[in-house]
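As structure tokens, the structure follows; a few thoughts come after it.
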Amino acid sequence: MRLTEYFLPTLKEVPKDAEIVSHQLMLRTGMIRQSSSGIYIWLPFGHAVLKKIEQIVREEQVNAGAIELLMPTIQSADLWKKSGRYDDYGAEMLRMKDRHDREILYGPTNEEQITDISSHYFKSYKSLPKILFHIQWKFRDEVRPRFGVMRCKEFLMKDSYSFDVTEEDGKLSYNKMFLSYLKTFQRLGLKAIPMAAESGPIGGNLSHEFIVLANTGESKVYIDKRILDMNIPDEIDYQKDSENIVSKWTEFYTVTDDMYEQDTYESKVEEKNRLEMRGIEVGHVFYFGDKYTKPLNANVQDKDGVTKPIQSGSYGIGVSRLVAAIIEASHDDKGIIWPKSVSPFDYALICLNSKNEELVELCDMIYKKMKSKCAILYDDTSSSIGEKLNKMDLIGIPKQIILGNKSIERKSLEIKDRKTGTVEVQSVEAFLEIFEND
Ligand code: ATP
Ligand code: MG
């Protein structure tokens, strides 16, 4: 993509009303624009990052055995009345009426709708287990939308739902999702820590929030630092390994303030391992048994011919919130530093002097060669050197290929790593070799 043909409305100044760095940087890099309170337009650069993240989330769901479908954003109020949540949900739910005066709503989540689906299709143990997911926009009329897409009204969520015959199988589904979250966040370049969370009236400990540590986060967290050294194996057999891996991660006493008990923390975590911080919730896994299947009559016949409510759980990831969370976790005073996996472009190509015809010719040639092999953003504008370098640092593409007047006689270019700042000089010929072969 040539920058002269792209749509990247960057800002030099820090916007006044943006309080946290991710919000500031998303506005400055022209990723988003506020449409109205808590509702955002995703401009091309922001949209491209969002889609990259969405795809990684999707792939890791599929790897864990989940199946994608798509449910509508608008739901009928009927199912919510049956589950009892129509009233419970309160003012966060956007309620509407259609032309026939029927009550409808913009879905804040989808437990009711998916449970209804399960009641139609999963009548026998032979159809289960199943984990279904979709990636869909949600609307919650948040009291205080803030921090840009971090807490907004319209946001993109990946939500999965598991359906099992027995509690034991339900637990396995929970563990599979838990593990797939660890994988997902690792691929996104994030350390997201699973923390025991409140599981509401059902009790038990099958509820975890995945939290990215950041001073600007809304949740207060108490951590056993040793969890930060945990890793997950590259190769996972979800069926066989899930329980074992999840139990290792959940051994640590690591909680949000809702669950915090000072005595337990101090007895379970040695002083040198204690870390109290703030964090951003990027995902939530929750096993709730028959909470929705019972009122909505989603029953299944087990092997012995006994009919009982399906066991189920729900698992959310804030796809759009992740864009901001990644920026909070990965930036410096110059701008964003995208992890390679989510950057819309692999390389930035910068022609420092657009008046030097020979240089422009060389850069155009390099651009053409690279374009077919990787995603590249080519600054072919006539801006000043400083402006060009600052802009590329601001938007955070992992590798910058820089050519100036001297590149002609030296037949060389500079490769700058955005994260470390290290610059490597290489001959144009040697550099282009990596783009020659497939
Ligand atoms: P929170 O405590 O932050 O309000 P929640 O418990 O209401 O989150 P869930 O219903 O579990 O969230 O939704 C799943 C995920 O969707 C959350 O982990 C979060 O990443 C994301 N999310 C929830 N509310 C918002 C919002 N208002 N804006 C952006 N993302 C959100
Ligand atoms: Mg909420």
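To convert, note that position 208 of the sequence shown is 207 in numbering that gives the first Met the number 0; the numbers rise steadily by one, no gaps. C-beta atoms are modelled at their ideal positions from N, C-alpha and C, and glycine is treated no differently.
Which listed residue (Glu356, Leu361, Ala328, Gly312) has its alpha carbon closest to that of serine 159 = Gly312
request  = Grab the span of the beta strand (DSSP E) containing threonine 306 for me, first residue to last.
outcome  = 306 to 308
ask   = Would the C-beta of serine 21 count as close to the ligand ATP, meaning under 7 Å from any of its heavy atoms?
value = no
inquiry  = For phenylalanine 177, tell me which candidate among Val318, Lys398, Val284 has the shortest Cα-Cα distance.
reply    = Val284
task = Identify, in the order they occur along the chain, each residue of the same chain with its Cβ nearer than 6 Å to the Cβ of alanine 65, setting aside the five sequence neighbours on each side.
result = Ile130, Phe132, Ser159
message = So threonine 253 and methionine 194 are supposed to be a Cβ contact under 8 Å. How far apart are they, rounded?
response = 5 Å
Residues near asparagine 355 in its chain [Cβ-Cβ closer than 7 Å; skip 5 each side] = Asn404
query = Got a sec? Which residues, its chain only, sit under 6 Å from isoleucine 113 by beta carbon, not counting five neighbours each side?
reply = Tyr160
key: Rounded straight-line distance, which links the Cα of phenylalanine 121 to that of valine 14   = According to the sequence provided, residue 14 is proline. The question's valine does not apply to it. Distance between the alpha carbons of proline 14 and phenylalanine 121: 51 Å.
request  = Give every residue of the same chain whose Cβ lies closer than 6 Å to the Cβ of lysine 51, excluding the five residues on either side of it in the sequence, and list them in chain order.
outcome  = Val341
query = Taking the C-alpha atoms as reference points, what is the distance between isoleucine 401 and leucine 348?
reply = 6 Å
inquiry  = Using 8 Å as the cut-off, can you tell me whether the region 258 to 271 makes contact with the region 214 to 230, which would need three or more C-beta pairs spanning the two stretches below that distance?
reply    = yes
request  = Can you grab the Cα-Cα spacing for the pair methionine 391 / serine 75, in whole Å?
outcome  = 47 Å
query = Along the chain, where does the beta strand (DSSP E) that runs through isoleucine 401 open and close?
reply = 398 to 402
ask   = What does lysine 157 pair with, by DSSP beta-bridge criteria?
value = Ile134, Ile316
inquiry  = Extract the residue ranges of the beta strand (DSSP E) inside the region 37 to 70, only unbroken runs of 3 or more that lie entirely within it.
reply    = 38 to 41
message = I'd like to know whether the C-beta atoms of isoleucine 19 and isoleucine 31 end up nearer to each other than 8 Å.
response = no
request  = Assign aspartate 233 to one of two classes, buried (16 or more other C-beta atoms within 10 Å of its C-beta) or exposed (fewer than that).
outcome  = exposed
key: Nearest residue (CA-CA) to leucine 205, options Asn214, Leu171, Ala213, Ser36   = Leu171
query = Sorry if obvious, but does the Cβ on methionine 156 come closer than 7 Å to a heavy atom of the ligand ATP?
reply = yes
task = Compute the Euclidean distance between the alpha carbons of lysine 302 and glycine 288, then round it to the nearest angstrom.
result = 19 Å
inquiry  = By the three-class DSSP mapping on this structure, what secondary structure does threonine 255 have?
reply    = strand
task = Please name the residue, chosen from Thr3, His46, Asn243, that lies closest to valine 318 on a Cα-to-Cα basis.
result = His46
Length-filtered (4 minimum) alpha helix (DSSP H) runs lying within the region 79 to 150 = 84 to 87, 110 to 120
key: Classification of histidine 22 by the beta-carbon crowding that lies within 10 angstroms, buried from 16 upward   = buried
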